[in-house]
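Right, one structure below, let's go through it.
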Amino acid sequence: LAKTTQPPSMEAYEGQEVNVSCSHTNIATSEYIYWYRQVPHQGPQFIIQGYKDYVVNEVASLFISADRKLSTLSLPWVSLRDAAVYYCIVTVYTGNYKYVFGAGTRLKVIA
Amino acid sequence: NAGVIQTPRHKVTGKGQEATLWCEPISGHSAVFWYRQTIVQGLEFLTYFRNQAPIDDSGMPKERFSAQMPNQSHSTLKIQSTQPQDSAVYLCASSRPGTGKSEVFFGKGTRLTVV
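Chains as they are written, first to last, in our numbering: chain A, 557 to 667; chain B, 8 to 122.
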């Protein structure tokens, strides 16, 4: 499983767009990129997944570099509810394999 | 859909006692995972079942920890002779592999405190 590196923390004001980066230089061709977030007293919650290029859903967008070594999660118009720890995970695409969590990025949202 | 249900939400045990944590995966999900979360170590994988069979227990401490999945509707994590270092939030998760949707759903966790 590829190791991931994220900034430990970020701050943003409400209404701003936030971009959280994740480096996965040893990603294998069989591996996909997943993003989860965790708020206090809850388990991690799925945000988005992708393999290459650009993926968007109703919550966020995900840009993956051409060599797939870097991905960026973009959260538009963050609110206080978006304050959480964001995890980037790289694993095979099956839902059938363990996740290896890094330390994640703690996002602080300022009113 | 109530999601992954974990009980109890909080458990306090005395050192040396046994603790059993329960997990009810989402109906129809054949993969069940257990993770442990602490401030120091973060989120750590413990073990994984698929169709009730143990597949990967590489994260389980070799002594005192055991996990079972006697039927498709629940799994248990048992810790014998609990120690203060076992204090953590234990998270259960489930997924439905093979459907083209690889999202894993986590429960809210059981906070275990060993005193």
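Heads up, the beta-carbon is just placed ideally off N, CA and C, and yes, glycines get one too.
This one's a predicted model, so the numbers in the text were calculated from it and none came from an experiment.
Measuring straight from C-alpha to C-alpha, what distance separates residue i and residue j?
i       : j       : result
P563(A) : H81(B)  : 37 angstroms
E51(B)  : R71(B)  : 17 angstroms
E587(A) : A558(A) : 8 angstroms
C30(B)  : Q13(B)  : 5 angstroms
C99(B)  : T27(B)  : 13 angstroms
T83(B)  : I604(A) : 29 angstroms
C578(A) : W591(A) : 10 angstroms
V624(A) : F657(A) : According to the sequence provided, residue 624(A) is Arg. The question's Val does not apply to it. Approximately 19 angstroms between the Cα atoms of the pair.
R16(B)  : M67(B)  : 21 angstroms
With a 10 Å radius around its C-beta and 16 neighbouring C-beta atoms as the bar for buried, classify residue i as buried or exposed.
i       : result
D638(A) : buried
P77(B)  : exposed
G571(A) : exposed
V612(A) : exposed
A60(B)  : exposed
Q594(A) : buried
P632(A) : exposed
L636(A) : exposed
S621(A) : exposed
N93(B)  : This sequence places Asp at residue 93(B); Asn is not what is there. D93(B) comes out buried.
G23(B)  : exposed
E600(A) : A small correction: the amino acid at residue 600(A) is Pro; Glu does not occupy that position in the sequence shown. Flag for P600(A) reads buried.
Taking the beta strand (DSSP E) that residue i belongs to, which residues open and close that run?
i       : result
H29(B)  : One detail in the question is off: residue 29(B) reads as Trp in this sequence, not His. Per DSSP, W29(B) belongs to the beta strand (DSSP E) from 26-31.
F619(A) : 617-620
P77(B)  : 72-78
Please tell me whether, using a cut-off of 6 angstroms, the distance from the CB of residue i to the nearest non-hydrogen atom of the ligand GDP is below it.
i      : result
V96(B) : By its list of ligands, the structure shown contains no ligand whatsoever, and the ligand GDP lies outside what it can speak to.
Residue i and residue j look like a contact to me (Cβ under 8 angstroms); what is the Cβ gap, rounded to whole Å?
i       : j       : result
V634(A) : V574(A) : 5 angstroms
I46(B)  : Y55(B)  : Going by Cβ atoms, the distance from I46(B) to Y55(B) rounds to 24 angstroms, so no, they are not a contact pair.
I589(A) : C644(A) : 7 angstroms
Worksheet item: What are the start and end residues of each continuous beta strand (DSSP E) run of 3 or more residues lying completely inside the region 577-664 of chain A, in chain order?
Response: 587-594, 601-606, 610-612, 617-620, 626-631, 640-648
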